[in-house]
Amino acid sequence: MPKPKKRTRQKTSVPVPQPLTRRDILQRGAIYGAGAVVVAAGGTAFAFDFRKTMAEADLTKIGQGTPTIVQIHDPSCQLCQALQRETRTALANCNEGYTYLVANITTAAGAAFQRSIGQPHVTLALLDGDGTPLHFINGVTPAETLKAQFQTHFG
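Position in the sequence shown (first residue = 1) + 685 = our numbering.
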């Protein structure tokens with residue numbers, strides 16, 4: 686009987702790392718630098734959005750002499766979110782002459798405001814400079830219609 690052949694392990698060579706060239710370092714620096722810019726821009730956008738949201742939630746601005754648009758808002762309501770998008774679009778195309786605030790009904794201040802005016806969520810309350818309600822807009826309304834309403838009541 687023939688003798689079985691012994692298996693021999695083939696030696697694998699470990700690749701020797703090549704030294705980094707100046708070009709490699711500059712390319713990596715550009716990639717990491719671009720990533721850092723993207724992260725910084727995202728952080729800045731988040732900070733501005735957070736500040737804007739906090740400013741919109743400050744219901745103490747009502748009755749301070751500036752006409753105010755207050756949205757009765759439930760953050761978990763899809764209709765409220767749609768109304769908020771339409772309102773912000775309408776406000777982006779209008780002259781600044783009034784303040785936009787959001788009465789979040791999941792907070793004590795927002796719920797108290799909602800009770801004080803007796804309106805459901807998905808509502809915009811147009812208030813004069815003294816905080817007296819002038820008009821209510823209920824339901825999701827297109828931005829162009831909202832813009833016309835704002836100009837009519839605050840003209």
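Where a beta carbon is used, it is the ideal one built from N, C-alpha and C, also for glycine.
Below 8 Å on the Cβ atoms is my guess for Thr784 versus Leu831; work out the distance and round it to an integer in Å.
Incorrect: roughly 15 Å between the Cβ atoms, too far for contact.
Applying the criterion that 16 or more other CB atoms from any shown protein chain within 10 Å of the CB defines a buried residue, is His820 buried or exposed?
By the neighbour-count criterion, in which 16 or more other beta carbons inside 10 Å mark a residue as buried, His820 falls on the exposed side.
Please determine if the segment 810 to 820 and the segment 746 to 754 are in contact, where contact requires at least 3 C-beta pairs separated by less than 8 Å.
The segment 810 to 820 is in contact with the segment 746 to 754.
For Gln626, which three-state DSSP category applies?
Nothing can be reported for residue 626, as the shown portion of the chain is limited to 686 through 840.
Report yes if the CB atom of Val807 is closer than 7 Å to the CB atom of Gly824, and no otherwise.
A contact, by the Cβ cut-off of 7 Å.
Which listed residue (Pro702, Val787, Phe835 and Asn778) has its alpha carbon closest to that of Gln766
The residue with the shortest Cα to Cα distance from Gln766 is Val787.
With C-beta atoms as the reference, is Gly714 less than 7 Å away from Gly816?
No, the pair does not count as a contact, with Cβ atoms beyond the cut-off.
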